[in-house]
Amino acid sequence: MSPIETRPRSSSFSSTPTFSSDLSKLRLATNNQSVVSSYTAAIEIASTFDVLTSSHSPLVRKVVLGCEDDWISFFERSNCVTTAADGSNEVNLEKFLRYCFDIAYKMPASPSTRPLRGNAHVRSVSHGGVPLPVGSPGGTRRASPPQLSI
């Protein structure tokens, strides 16, 4: 055997929470239903989700769920709470789970979708906004803007 195969697995390897694993927990706990009729039941089930409890989940660092009011506020922010015909609150835990994974793993929007110019440096608008060749001394000699024909 090679030395790599005989080394024990490092404790630094981790298991990132997965949506399918947490969804399985939800379905098992709710008998394949995703809506529960109380905050207490919702908290009891949601507190088993790895995305909310695993130290490897980025959501754990973003959300503090220390008391029932924290949970209720988080449920309401996720737009998963509806009012039933009898006036009681219902919590759609599948919608809540999707919200949790969305905010845990969503990438920020790209700052720009424009391709960058590879062979020219564009000066800022406050400095004329004129493209200069790469390696240009940076403003000792200004290029004239192109003539516009109407």
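Residue numbers 1 to 150, in the UniProt record's numbering, belong to the letters of the sequence shown in order. Backbone N, C-alpha and C define an ideal beta-carbon position, used for all residues, glycine too.
- Taking all protein chains shown into account, Asn92 has 16 or more neighbouring C-beta atoms within 10 Å of its C-beta and is therefore buried.
- Linking Ser47 to Thr53 through their CA atoms gives a straight-line distance of about 7 Å.
- Secondary structure of Thr82 (DSSP, three-state): strand.
- In the three-state reduction of the DSSP assignment, Val36 falls in the strand class.
- For Val60, the secondary structure class from DSSP, reduced to helix, strand or coil, is helix.
- Judged by beta-carbon spacing, Val51 lies within the 7 Å limit of Phe101, meaning their Cβ atoms are closer than that value.
- Scanning Asn31, Tyr105 and Ser110 for the CA closest to the CA of Lys62 turns up Tyr105.
- DSSP lists Thr83 as the bridge partner or partners of Asn89.
- Secondary structure note for Leu148: it is in no alpha helix (DSSP H), with a DSSP letter that is neither H nor E.
- Shown here for Ser88: same chain residues with a beta carbon closer than 7 Å to its own, the five before and five after excluded, namely Ser37 in chain order.
- When DSSP states are grouped into helix, strand and coil, Ser73 belongs to the helix group.
- By the neighbour-count criterion, in which 16 or more other beta carbons inside 10 Å mark a residue as buried, Ala42 falls on the buried side.
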